[in-house]
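Heads up: the structure comes next, in structure tokens.
Number of protein chains: 2
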Amino acid sequence: MCQLLGMNCNVPTDICFSFTGFQARGGLTDNHKDGWGITFFEGKGVRQFLDPNPSCHSPIADFVRTYPIKSKNVIAHIRRATQGEVKLENTHPFIREMWGQYWSFAHNGDLKNFTPALQGNFHPVGNTDSEQAFCFILQDLKKSFGDKAPSLEHLSKRLHELTLVLATFGVVNFLLSNGEFMIAHCSTRLASLVRHAPFSVAHLKDQDMAIDFTPLTTSNDRVAVIATQPLTQNEQWTIHKPGTLMILVDGQIIKEFETVAGPEKDCPAS
Amino acid sequence: MCQLLGMNCNVPTDICFSFTGFQARGGLTDNHKDGWGITFFEGKGVRQFLDPNPSCHSPIADFVRTYPIKSKNVIAHIRRATQGEVKLENTHPFIREMWGQYWSFAHNGDLKNFTPALQGNFHPVGNTDSEQAFCFILQDLKKSFGDKAPSLEHLSKRLHELTLVLATFGVVNFLLSNGEFMIAHCSTRLASLVRHAPFSVAHLKDQDMAIDFTPLTTSNDRVAVIATQPLTQNEQWTIHKPGTLMILVDGQIIKEFETVAGPEKDCPAS
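Structural data, given as structure tokens:
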């Protein structure tokens, strides 16, 4: 299995503090040592750092931890391989372009016998179940909505239906973003918190490090952090109920859907 | 205009030396200060570093210059904006997935009134002529060859035809790679050299730096370096004839096509 870290904010914010704790889990405080990656959206553009080496020993991860890149949507992932070798092409997050927007996806879980028919525009480069799931989602969205991006409401409804399908194949905790919003699915484990005024001091669980957000923020700032497990020891994290799909905009969960896995289905040929 | 740097080798090689000279041109020894980027192919995977800031002052460029990433195909670009604002989404190289392979593209030049009909799978995220040209190329290749990658011979022939079309809209020096081979087009300016045994000492033009490749290489290594202008002062660079499309495999130019711009044509609706 793997671990996920996401951030969705109303103002561009750096993720250095949360990433410091997260990086340690990639081989130091936890055993997710099969690579790591992070996607930063900046406007319509996207920056990505990937490394098939353990994040705790990665010079690129050290760089990301110390160089503040401000973003409203960030997705990070540390990998413990279940399907697919430890290689760069199997390192999450994955990125594709659809509707003139970049989309980024990271997955924690294991989808058994998931071999969707991908005849369309999106094909996996590596050989993980995760990249297959991402291509399956994008292919279906493109087929459902054509050449123009739908409203977030319509997109969310379709993603809910797709997640129900994916959940029948196994564990599918995921983060998905196009830089405007973030979709988070808790299949088994996902925690979140929203930081807003009055800000205070946060202490990491995985490293001896604390930060006072007060001088770094304004009273309007709103930052949602989502992670497989809580990253700080003195803040109130919400532990999400398994089977919850969340839509986050501007640092706020604006909608939740229930996703309870049904009986196993044949692989959809979409 | 911008500057291009490409490397195509028969063994994974780091580009730190060449990138040191190239980085200086992004605001120090030359005026290409509107961002920079670099793509490294590693197996089927791809790593990309992008920054809309000048490369000579970029901490990310400093990192890339000092952290050896070994790759058989590298594309780098420093930008002096002609079309499209200085933003991350307009920073080259661009990347898309096609046929289960990542493709990377960087462009130096200026295409006038180039507005191809992009109804297919590839849409620009930013607003440069360069990203439009990349999407136009991929859309045509997908349409020409369907869901399966053609042989390099067939692909090259079609790329030759497409380059003839692009050249009617203006200057189109470009580098394109899928990690297996590199396509380089000299519309106005492109130089190259191939390093092979016996290796010797090379001196950069843009920085006071020299390197002896002898202890770093084997007698079988073959490294082709392509750049808008020669990067070293004591090596024999080939200055390519304007209107030359080159196919590079394993550090060798295996084929050349002539591309001479014809009369201006209507924008193709492919």
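As you go down the protein sequences, you meet chains A and B in turn. Start counting the first sequence at 8; every next residue gets the next number (my numbering). Start counting the second sequence at 8; every next residue gets the next number (my numbering). In this text, a Cβ means the ideal position worked out from N, Cα and C, and glycines have one as well.
Let me confirm a value: residue i is counted as buried when at least 16 other C-beta atoms fall within 10 Å, else exposed. Which label applies?
i                      : result
residue 239 of chain B : buried
residue 55 of chain A  : buried
residue 49 of chain A  : buried
residue 178 of chain A : buried
residue 243 of chain A : exposed
residue 245 of chain A : exposed
residue 104 of chain B : buried
residue 278 of chain B : Outside the shown range of chain B, which is 8 to 277, sits residue 278 of chain B, and nothing can be said about it.
residue 75 of chain B  : exposed
residue 153 of chain B : exposed
residue 79 of chain A  : buried
residue 132 of chain B : buried
residue 219 of chain B : exposed
residue 199 of chain A : buried
residue 160 of chain B : exposed
residue 184 of chain A : buried
residue 66 of chain A  : exposed
residue 61 of chain B  : buried
Along chain B, which residues have their Cβ under 8 Å away from the Cβ of residue i?
i                      : result
residue 154 of chain A : 126
Run through chain A and tell me which residues come within less than 7 Å of residue i, C-beta to C-beta.
i                     : result
residue 51 of chain B : 96, 132, 133
residue 66 of chain B : 74
Kindly list, in the order they appear in chain B, the residues whose Cβ is closer than 7 Å to that of residue i.
i                     : result
residue 54 of chain A : 57, 95
So, for residue i: in the same chain, excluding its five sequence neighbours on each side, which residues have a beta-carbon less than 6 Å away from its beta-carbon?
i                      : result
residue 14 of chain A  : 22, 81, 232
residue 228 of chain A : 18
residue 224 of chain B : 206
residue 90 of chain A  : 135, 136
residue 196 of chain A : 235
residue 88 of chain A  : 41
residue 144 of chain B : 169
residue 256 of chain A : 188
residue 165 of chain A : 151
So which residues of chain A does residue i contact, with C-beta pairs closer than 9 Å?
i                      : result
residue 187 of chain B : Those within 9 Å of residue 187 of chain B in chain A number zero; the least Cβ separation is about 13 Å.
Mind listing the chain A neighbours of residue i? Cutoff is C-beta to C-beta under 8 Å, in chain order.
i                      : result
residue 108 of chain B : 132
residue 104 of chain B : 103, 129, 130, 132
Per DSSP, what are the beta-bridge partners of residue i in this structure?
i                      : result
residue 219 of chain A : A:208
residue 114 of chain B : B:181
residue 106 of chain B : Paired residue(s): none; residue 106 of chain B is not in a bridge.
residue 31 of chain B  : Bridge partners of residue 31 of chain B: none, in fact.
residue 244 of chain B : According to DSSP, residue 244 of chain B bridges with nothing at all.
residue 49 of chain B  : B:52
residue 264 of chain B : B:252
residue 99 of chain B  : In the DSSP output, where bridge partners are listed per residue, residue 99 of chain B has none listed.
residue 58 of chain A  : A:43
residue 10 of chain B  : B:85
residue 193 of chain A : A:251
residue 279 of chain A : Outside the shown range of chain A (8 to 277) lies residue 279 of chain A, about which nothing can therefore be said.
residue 38 of chain B  : B:33
residue 120 of chain A : Answer is none; residue 120 of chain A lacks a bridge partner.
residue 80 of chain B  : B:15, B:48
residue 259 of chain B : B:256
residue 239 of chain A : A:211
For residue i, which residues in chain B fall below 9 Å Cβ to Cβ?
i                      : result
residue 278 of chain A : For chain A, the structure presents residues 8 to 277; residue 278 of chain A sits outside this window and is missing.
Could one say the Cβ of residue i lies closer than 9 Å to chain E's Cβ atoms, at least one of them?
i                      : result
residue 162 of chain A : Although the question refers to chain E, the structure presented lacks it and instead comprises the protein chains A and B.
Go through its chain and collect everything with a Cβ distance to residue i's Cβ below 7 Å, but skip five positions before and after it.
i                      : result
residue 241 of chain B : 209, 210
residue 86 of chain B  : 9, 39, 41, 42, 43, 98, 99
residue 113 of chain A : 11, 82, 84, 99, 100, 181, 182
residue 28 of chain A  : 211, 212, 213, 214, 238
residue 96 of chain B  : 132, 133
residue 63 of chain B  : 30, 31, 33, 34, 35
residue 59 of chain A  : 42, 93, 94, 95, 98
Closer than 8 Å by C-beta to residue i: which residues in its own chain qualify, once you throw out the five before and the five after it? Chain order, please.
i                      : result
residue 25 of chain B  : 12, 14, 232, 234, 238
residue 262 of chain A : 163, 253, 254
residue 20 of chain A  : 14, 77, 78, 79, 228, 230
residue 167 of chain A : 252, 264, 266
residue 203 of chain A : 228, 229, 230, 258
residue 248 of chain B : 193
Pull up the CB-CB distance for residue i and residue j, whole angstroms please, since I reckon it's below 8 Å.
i                      : j                      : result
residue 102 of chain A : residue 46 of chain A  : 7 Å
residue 250 of chain B : residue 51 of chain B  : Going by Cβ atoms, the distance from residue 250 of chain B to residue 51 of chain B rounds to 33 Å, so no, they are not a contact pair.
residue 53 of chain A  : residue 111 of chain A : 7 Å
residue 146 of chain B : residue 128 of chain B : 7 Å
residue 173 of chain B : residue 140 of chain B : 6 Å
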